[in-house]
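Heads up: the protein sequence lines correspond to chains D and Y, in order.
According to the UniProt record's numbering, the stretch in the first sequence is residues 1 to 429, in order.
According to the UniProt record's numbering, the stretch in the second sequence is residues 1 to 429, in order.
Even for Gly, the Cβ is constructed at its ideal location relative to N, Cα and C.
Predicted model only: the values in this text are computed from it and were never measured.
Protein chains: 2
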Amino acid sequence: MKPLRVALLGCGVVGTQVIRLMHEQSADLAARVGAPLELAGVAVRRLGRKRDVEVDPALFTTDAESLVTRDDVDIVIEVIGGIEPARSLIVSALSRGKSVVTANKALLAEDGATLHEAARAGNGDLYFEASVAGAIPLLRPLRESLAGDRVTRVLGIVNGTTNYILDKMDSTGASFLDALEEAQTLGYAEADPTADVEGFDAAAKAAILAGLAFHSRVTAEQVHREGITDITATDVASAEAMGYVIKLLAICARSDDGRTFGVRVHPAMIPRTHPLAGVREAYNAVFVEAESAGQLMFYGKGAGGAPTASAVLGDLVAVGRNRLAGTRGPEESTYAHLAVHPMGETVTRCHVALDVADKPGVLARVAELFAKHDVSIQTVRQEGHGDDAQLVIVTHRATDAALTATMEGLRELDIVRAIASVMRVEGDD
Amino acid sequence: MKPLRVALLGCGVVGTQVIRLMHEQSADLAARVGAPLELAGVAVRRLGRKRDVEVDPALFTTDAESLVTRDDVDIVIEVIGGIEPARSLIVSALSRGKSVVTANKALLAEDGATLHEAARAGNGDLYFEASVAGAIPLLRPLRESLAGDRVTRVLGIVNGTTNYILDKMDSTGASFLDALEEAQTLGYAEADPTADVEGFDAAAKAAILAGLAFHSRVTAEQVHREGITDITATDVASAEAMGYVIKLLAICARSDDGRTFGVRVHPAMIPRTHPLAGVREAYNAVFVEAESAGQLMFYGKGAGGAPTASAVLGDLVAVGRNRLAGTRGPEESTYAHLAVHPMGETVTRCHVALDVADKPGVLARVAELFAKHDVSIQTVRQEGHGDDAQLVIVTHRATDAALTATMEGLRELDIVRAIASVMRVEGDD
């Protein structure tokens, strides 16, 4: 049987694991695909560097563009990351009829449309399971298993670094900076942690998930994004006292009328009884609600060389089988053309802690302000007294615009000394 | 666009939901498939019965055999269940080149080979996502997403009835019979609960899972099966005292040398910190360990009309798309031809509670017996004293044969009054 020839772009943590698995499992992979898979070349930035994998040195090249356009290459695996040169290389490969497997969430979230169009034009496959939640089979279930259902909401812990930090803060009482430092020491966070802690990484994944869930096109720019750098040990303790835990969530939710949807990434309190609350350390998990299927959850490792390579190899087998059968897997599905609504229209609940003067009538004036903005209060708890009095309020569901206006109003109330913390509450409706 | 014509076999709880969804979501389904789906007929046992769904009465027929062989039928959905007439009807349909979507775990586990051969011969698709764990997308991830990885173990809660019963026993201290009665009242258990509580339902699912995980052919007969009818409130309390919870597990595990595997269904203690321990009520969850992906978990509703119909519709979309593209989805994959090893070779740990005489040397004689059978002890706890003394022992990993021989030896020791309980321990290695 004629082998399928695979070009690999990138030979870092994921790339070396892809090579190792292709080598170690070559017999199994050949049986599953129906033909052997053969490495045609590996594009790297620099030759001669020592690499943690056994591979014929002649396969390395710095000329990625020539590699992806070679006639003897059937499938291209892209694990370089970033926008360029990844985009140009993927488009080159797809335009020449090759199939592409990529783990590049940033590129898919910024300009997925260009890639999908190139795949259509070239009649090849574009698979990207590894781009969201690493090893967890998530995109294929969304794209295919739930194709007969209607997804209403996706709630996901899709960034392992921030989950590690928040879990440490929750279990040890550490501050954000101490937890971040520990995550950096252990290799869970990078020296510059911006992409993770400011939610950029999660926002790219949220855009990809929303696009698949709602059969519409979504870019990272459309995702409302807030990071976790302002979360304090006090916020975490306050959440714990109320039976909640703070997680950085990627949330994609259809509006009540089903005509639009929201996509956002922000820290939120979820009840400790929610399946996502038990997701510890750097694990990822994605909770999906669909009209008929009900509540589903997918859990596993969201990053790392071997887990990501597992997802890449799964795609490689599918793409290889499709090529042998002369067919293609499911295309981009954007038929619904639903619009993303602005954050202000998103309906959420809110937890607010207010430092207030302890005198008669304070609660009445605070309650009046909430009522004025049509935000109804679910629970109020008063803590301390005298100068240290604090009101802890959890609202019912309201639009984010109404909640924001309420917070602005609170800031102007003379009896409110400070808003100690504000956080959205998810997962208990 | 010419519609794809669908024949439905069975119009019970799942069938009526399939019809409802095909109707309510017809526009979405057409967009996702690429052509409208049209109901060609519905085979039922009796005409004229009142059904909880709107459908043209002319579509009903009692002649299922004629329906599945009609030239204008492209796809057959089988939700009758049981071996016959389901098998003959599916084989008839597949032999004539139609594609089949089925939820029939019993048939797949007893004689899947016949169905897969008919699909190959007819060049049609055989999809069966709904047969295991209802709405949870599980088989597609195992068949496709993990196709580039090597699955080492599957641990699953795949029967909602028994999970509901065990969860009630754990949370309320109820006896097995009281919990069963409550499950029956709530409709979670049938009047004759044998298939669930004796593990037959879980064993069929275990056979299907093992076949997919290890790329080998497995039948329900090869599954070692024990039910939950002997579990007492004392067992549950004893597990709780040790930090464990009792679940009915379907376990498929590769042997250490990778050449054989075991498939079994039995109650087991798992640590309360294990992700499966938090699976409550009638939910299902399947924990998968793969060499590269690491630990994955899939969670959701394992039964019910709408959840099962969601899985059926997901398959229907895939099968419909394949037909339009003139191709087929992944075939049965049995290339590995691994053998199922006997239960005696399965390696597990064991929790034993012994009623013993409280006199010097008892522990020494018990420990000696374990050592004689090469079973090493991890922890021993002595409870009570005098006539009520109890030894609670948890072993290290040993073969089931050695553990069984040890239990037989204990029964013959004069200092052991009774073996109060024996249970395997899983999920903490």
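If you follow the alpha helix (DSSP H) that residue i is in, where does it begin and where does it stop?
i, result
"N163(D)", "G160 to T172"
"V73(Y)", "Here V73(Y) belongs to no alpha helix (DSSP H), and DSSP marks it neither H nor E."
"V422(Y)", "No alpha helix (DSSP H) holds V422(Y); the beta strand (DSSP E) holding it covers V416 to V425."
"L248(D)", "Taken as a continuous stretch (DSSP letters only), L248(D) belongs to no alpha helix (DSSP H), being part of the beta strand (DSSP E) at Y244 to R254."
"K2(D)", "Note, K2(D): premise wrong, no alpha helix (DSSP H); not H, not E."
"E190(D)", "No alpha helix (DSSP H) contains E190(D), which DSSP labels as neither H nor E."
"E240(Y)", "A233 to A241"
"A93(Y)", "A86 to S95"
"E181(Y)", "F176 to T185"
"V317(D)", "G305 to A325"
"T406(Y)", "D400 to E412"
"E368(Y)", "V362 to K372"
Measuring CA to CA, which of the options is closest to residue i?
i, options, result
"R5(Y)", "G320(Y), A420(Y), T327(Y) and R328(Y)", "G320(Y)"
"K301(D)", "F287(Y), G302(Y) and D170(Y)", "F287(Y)"
"Y164(Y)", "G156(Y), A189(Y) and L338(Y)", "A189(Y)"
"R254(Y)", "R153(Y), L324(Y) and P85(Y)", "R153(Y)"
"V42(Y)", "L29(Y), M22(Y) and P36(Y)", "M22(Y)"
"A364(Y)", "L410(Y), A402(Y) and L403(Y)", "L410(Y)"
"A418(D)", "F214(D), Q390(D) and V394(D)", "Q390(D)"
"D149(D)", "V317(Y), K168(Y), R272(Y) and G148(Y)", "V317(Y)"
"A86(Y)", "T404(Y), L115(Y) and P36(Y)", "L115(Y)"
"A357(Y)", "E383(Y), S333(Y) and D388(Y)", "D388(Y)"
"D28(D)", "S216(Y), A220(Y), E181(Y) and H385(Y)", "S216(Y)"
"L39(D)", "L9(D), R143(D) and A237(D)", "L9(D)"
"L67(D)", "R51(D), K372(D), G81(D) and V44(D)", "V44(D)"
"S273(D)", "R280(Y), V236(Y) and S421(Y)", "According to the sequence provided, residue 273(D) is Thr. The question's Ser does not apply to it. Closest by alpha carbon: R280(Y)."
"G326(Y)", "M423(Y), R140(Y), L139(Y) and D125(Y)", "D125(Y)"
"V33(D)", "A133(D), G48(D), R51(D) and K2(D)", "K2(D)"
"T428(Y)", "N123(Y), V392(Y), T404(Y) and Q378(Y)", "Strictly speaking, residue 428(Y) in this sequence is Asp, with Thr absent from that position. Of the listed residues, the one whose Cα sits closest to D428(Y) is Q378(Y)."
"I157(D)", "E226(D), A277(D) and K50(D)", "A277(D)"
"A401(Y)", "H341(Y), A239(Y) and D355(Y)", "H341(Y)"
"A106(D)", "D71(D), G12(D), P36(D) and L209(D)", "L209(D)"
"P271(D)", "P307(D), E221(D) and R349(D)", "R349(D)"
Which residues bound the beta strand (DSSP E) around residue i?
i, result
"T348(D)", "V347 to V356"
"K105(D)", "Counting along the chain, K105(D) falls outside any beta strand (DSSP E), though it belongs to the alpha helix (DSSP H) covering K105 to G122."
"A31(D)", "Careful: A31(D) lies outside any beta strand (DSSP E), inside the alpha helix (DSSP H) at S26 to V33."
"V265(Y)", "T260 to P271"
"K301(D)", "G294 to K301"
For the ligand ADP, I want to know if residue i counts as a neighbour, meaning its beta carbon is within less than 7 angstroms of at least one of the ligand's heavy atoms.
i, result
"V101(D)", "The ligand ADP is absent from the structure shown, which contains no ligand whatsoever."
So residue i packs on residue j, CB below 8 angstroms; how close in whole Å?
i, j, result
"A69(D)", "R96(D)", "According to the sequence provided, residue 69(D) is Thr. The question's Ala does not apply to it. Contact holds; Cβ gap of about 6 angstroms."
"V14(D)", "V79(D)", "4 angstroms"
"L248(Y)", "L186(Y)", "In fact, because the Cβ distance is near 18 angstroms, the residues do not count as touching under 8 angstroms."
"V375(Y)", "A398(Y)", "4 angstroms"
"Y299(D)", "M269(D)", "Contact flag wrong, Cβ pair sits at about 20 angstroms."
"R259(Y)", "V223(Y)", "That pair is no contact at about 19 angstroms."
"A282(D)", "T161(D)", "7 angstroms"
"A220(D)", "A109(D)", "4 angstroms"
Beta-carbon of residue i versus every beta-carbon of chain D: anything under 8 angstroms?
i, result
"Y335(Y)", "yes"
"K168(Y)", "no"
"residue 441(Y)", "Residue 441(Y) lies beyond the stretch modelled for chain Y, which goes from 1 to 429, so this question has no answer here."
"G243(Y)", "no"
Is residue i close to chain Y, meaning its C-beta is less than 8 angstroms from at least one C-beta of that chain?
i, result
"T152(D)", "no"
"E281(D)", "no"
"G97(D)", "no"
"G124(D)", "no"
"E129(D)", "yes"
"T404(D)", "no"
"A133(D)", "no"
"A325(D)", "yes"
"G427(D)", "no"
Of all the residues that make up the stretch 135-150 of chain D, which are near chain Y by a beta-carbon distance shorter than 8 angstroms? Cβ contacts with chain Y come from A135, I136, P137, R140, P141, E144, S145, L146, A147, G148, D149 and R150.
For the stretch 6-39 of chain D, which residues have a beta carbon sitting closer than 8 angstroms to at least one beta carbon of chain Y? Taking 8 angstroms as the Cβ-Cβ cut-off against chain Y, the residues of the stretch 6-39 of chain D that qualify are Q17, L21, Q25, D28, L29, A31 and R32.
At a CB distance below 7 angstroms, what residues from the stretch 284-298 of chain Y approach chain D? Give them in sequence order. Those would be A290, S292, A293, G294, Q295, L296, M297 and F298, in chain order.
Check each residue of the stretch 305-320 of chain D: if its Cβ is closer than 8 angstroms to any Cβ of chain Y, include it; give the result in chain order. Taken in chain order, the members of the stretch 305-320 of chain D whose beta-carbon sits within less than 8 angstroms of a beta-carbon on chain Y are A306, P307, A309, S310, A311, V312, L313, G314, D315, L316, V317 and A318.
Residues within the stretch 329-359 of chain Y neighbouring chain D, beta-carbon criterion of under 8 angstroms: Of all residues in the stretch 329-359 of chain Y, only P330, S333, Y335 and A336 come within less than 8 angstroms of chain D when Cβ atoms are compared, listed by chain position.
Give the residues from the stretch 258-276 of chain Y that approach chain D closer than 8 angstroms (Cβ to any Cβ), ordered along the chain. Listed in sequence order: P275.
Got a sec: which bits of the stretch 188-222 of chain Y sit with their beta carbon under 8 angstroms from any beta carbon on chain D, in order along the chain? Within the stretch 188-222 of chain Y, the qualifying residues are H215.
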